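Residue numbering for the sequence shown follows full-length UniProt numbering, beginning at 1 and increasing consecutively.
The beta carbon of each residue, even a glycine, is placed where N, CA and C say it ideally should be.
A quick note: this is a predicted structure, and the numbers were derived from the prediction, not measured.
Report on the structure given below.
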Amino acid sequence: MTQVTQRPPFGEDSASDVLAEGTVDAVVIGGGAAGLNGALILARSRRSVVVIDSGSPRNAPAEAVHGLLALDGTPPSEILRRGREQVRQYGGRVVRGEVVSAESAAPSADGDLRFTVTLADGRSLTARRVLVATGLTDVLPEVPGLAEHWGHSVVHCPFCHGWEVRDEPIGVLGAGAASIGPALLFRQLTEDLIYFTNGTDLDADSRARFAARGIRVVDTPVTEIVSGPDGALAGVRLADGQVVARRVLAVSPQMQARTRGLEGLGLPVRDLPNMARGFVSGPAGATEVPGVWVAGNATDPVAQVGASAAAGALAGADITKMLAIADTDAALHAIAEVNA
Ligand SMILES: Cc1cc2nc3c(=O)[nH]c(=O)nc-3n(C[C@H](O)[C@H](O)[C@H](O)COP(=O)(O)OP(=O)(O)OC[C@H]3O[C@@H](n4cnc5c(N)ncnc54)[C@H](O)[C@@H]3O)c2cc1C
């Protein structure tokens, strides 16, 4: 399997705010759609919030975000640039950096939760609440020539780039049951679809369903993805030497939540049937670890940009509610102490 290197898409907007001193209300780990929308809600509630972002969102290779109402066709880097700007407009900070450790710390004198987050460069921050929005890593099948086309003519999501590859000769690189649904979805977009089983099972029922929809099946193993003289994807080489001409290949990557550095939070992780691995979360992204929320692809691998942003907003709102309750409890406690 090839782990896709997440490349920073940002050149001109690499500005980083100064890390806050003292204790902030919330730290958001990850500044993609989920993290920035969570931070926006927190900042607009006048909560001190710091987003720490290592600058490599999952969709960095894509030219544009599609299927997102009102912003369809906008480059991912532009959406994030605007998001950072809006968070800063309300006093939120966005800091460039990679979190290498996050763990609970001693509570405050009045018993409120505290967390310590440490960055790769040694800086650290204390926060009352944590929103984890680190996204996921796509792990591609180990086929020579495949990774260089990732996000362009090697695609995974019919809703993200299906329209852009309509009517092209498309191949689906089979990865078992996870590839059958996407094959039927890509069939909606082209008459010319070939399913390469590539050593994975395809049961008789699925073969019959594919045949009924005019999807051809190739069982000879795939050895290489072939590029043309212009560098574009040109075909799929099989073990018998034959090259099957294709312009686009749909794959089902393994999706793994980006958990590195966050082990100290003790968040439970689960395996999902669609080959994904993610943090476990409940309503509004709350987790079983008090004071820690998760939003976006780190907990929901199929969430697109809109759903990830919405999840971040819900988590941000939930955090502000919990902070309001904690502040009210603390105020009551202080009054009781004065009157005692
Ligand atoms: C090729 C491709 C094309 C896509 N096209 C579309 C599309 O057209 N439309 C659509 O709706 N969706 C699309 N998606 C899906 C989209 O990428 C996700 O829905 C979205 O990125 C999820 O947002 P997120 O905030 O959860 O994660 P991300 O956007 O991945 O953001 C996570 C952020 O956390 C940071 N981070 C991770 N770990 C740390 C750490 N330890 N410390 C600090 N920062 C950290 C990362 O650098 C990153 O900036 C596409 C995905 C791919 C792979």
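- Cβ-Cβ distances below 7 Å link Ala313 to Asn37, Gly38 and Ile41 in the same chain, with the five nearest sequence neighbours on each side left out; the list follows chain order.
- Setting aside the 5 residues that flank it on each side, Gly22 is surrounded in the same chain by Thr126, each with a C-beta closer than 8 Å to its C-beta; the list follows chain order.
- Counted as a single uninterrupted DSSP element, the stretch harbouring Thr320 is not any beta strand (DSSP E) but the alpha helix (DSSP H) occupying residues Val305 to Asn339.
- In the structure shown, Leu125 adopts extended strand secondary structure according to DSSP, grouped into three states.
- Val87 sits in a helix when the DSSP states are folded into three classes.
- Taken from the Cβ of His152, every heavy atom of ligand 1 lies 6 Å or farther away.
- With a cutoff of 6 Å, Ile170 does not count as near ligand 1, since its C-beta is closer than that to no heavy atom of the ligand.
- The beta-carbon separation of Arg58 and Asp138, rounded to 7 Å, stays under the 8 Å limit for a contact.
- Within the same chain, Cβ atoms closer than 7 Å to the Cβ of Asp219 are found at Thr197, the five residues on either side in sequence being excluded.
- Arg128 sits away from Asp17, with the two beta carbons spaced by 7 Å or more.
- Ranked by Cα distance from Gly31, the first of Ser124, Arg114, Lys321 and Ala133 is Ala133.
- Residues Ser14, Ser16, Asp53 and Gly55 of the same chain have their beta carbon placed closer than 7 Å to that of Arg96, with the five preceding and five following residues left out of the count.
- Per DSSP, Ser206 is one residue of the alpha helix (DSSP H) stretching across Ala204 to Ala212.
- Less than 7 Å divides the Cβ of Gly235 from the Cβ of Val226.
- When only Cα atoms are considered, Ala62 and Leu265 end up about 32 Å apart.
- Counting only the Cα atoms, Ala26 lies some 25 Å from Ile335.
- Annotation for Ala234: the continuous beta strand (DSSP E) segment containing it runs Leu233 to Leu238.
- Under the three-state reduction of DSSP output, Leu272 falls in the coil class, being neither helix nor strand.
- If the five residues before and after Gly228 are omitted, its C-beta is found closer than 7 Å to the C-beta atoms of Ala234, all from its own chain and listed in chain order.
- Distance from the C-beta of Asp17 to the nearest heavy atom of ligand 1 is not below 6 Å.
- Your pair Leu136 and Ala257 checks out as a contact, with CB atoms roughly 5 Å apart and the cut at 8 Å.
- By the criterion of a C-beta distance shorter than 7 Å, Ile215 is surrounded in its chain by Ala183, Arg187, Leu193 and Tyr195, once the five residues flanking it on both sides are discounted.
- Counting the other Cβ atoms within 10 Å of the Cβ of Val280 gives fewer than 16, which makes it exposed.
- Uninterrupted alpha helix (DSSP H) stretches at least 4 residues long and entirely within the segment 28 to 72 occur at 33 to 44, given in chain order.
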